Amino acid sequence: AKRYRTLVRAINIRRGLRRKDDQPPENHWKKRFPELEEELLDTYYKFKGWNREGIPTKESLHDLELDYVSEDFIQRGILADGDDAPAKEPSAEKVQE
Numbered sequence: 007a008k009r010y011r012t013l014v015r016a017i018n019i020r021r022g023l024r025r026k027d028d029q030p031p032e033n034h035w036k037k038r039f040p041e042l043e044e045e046l047l048d049t050y051y052k053f054k055g056w057n058r059e060g061i062p063t064k065e066s067l068h069d070l071e072l073d074y075v076s077e078d079f080i081q082r083g084i085l086a087d088g089d090d091a092p093a094k095e096p097s098a099e100k101v102q103e
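Take a look at the structure:
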C-alpha cells in the first residue's frame, strides 16, 4: 500500500502538487489551528518518507524500489541531485510533460 500511495503522490507531484495544496477544506473544523495543521502535516510527511514539501525522498523511493521515479524527479528539477531537498519550483513546461 505504501508503494502504491507513493506512486500516486509522485504523479501528483509531477502535476505540481505541493505542501500548499495539502490542506483540509475550509469548513472542515469550526475553528482553525494553523500551527497544529502544520505539525500534523509534518508528521504525516515524515511517516510517509516525504520531504517538507511532500515530495517522496530519494531514500524512500529507493526503499520502495522506485529509483526510476527519483531519477525522473531529478531530471525534471523536482528533486535536487545529491539530497532530498526539493529543487527550485519546476516550470509548468516541465510539469506537464
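Residue 103, in this note's numbering, is where the sequence shown stops; the numbers in between run on with no holes. Where is the CB? At the ideal position from N, CA and C, for every residue including glycine. Treat the numbers as computed from the prediction; the structure is a model and nothing was measured.
From the DSSP output, in three-state form, read off Leu70 for me. coil
Short Cβ contact (8 Å threshold) for Glu65 with Arg25: no
Does Pro40 come out as helix, strand or coil in the three-state DSSP assignment? helix
Stretch-stretch touch, CB-based, cutoff 8 Å, three pairs: the segment 68-80 with the segment 42-51: no
Looking only at C-alpha atoms, which of Lys8, Val14, Gly22 and Leu13 sits nearest to Arg82? Gly22
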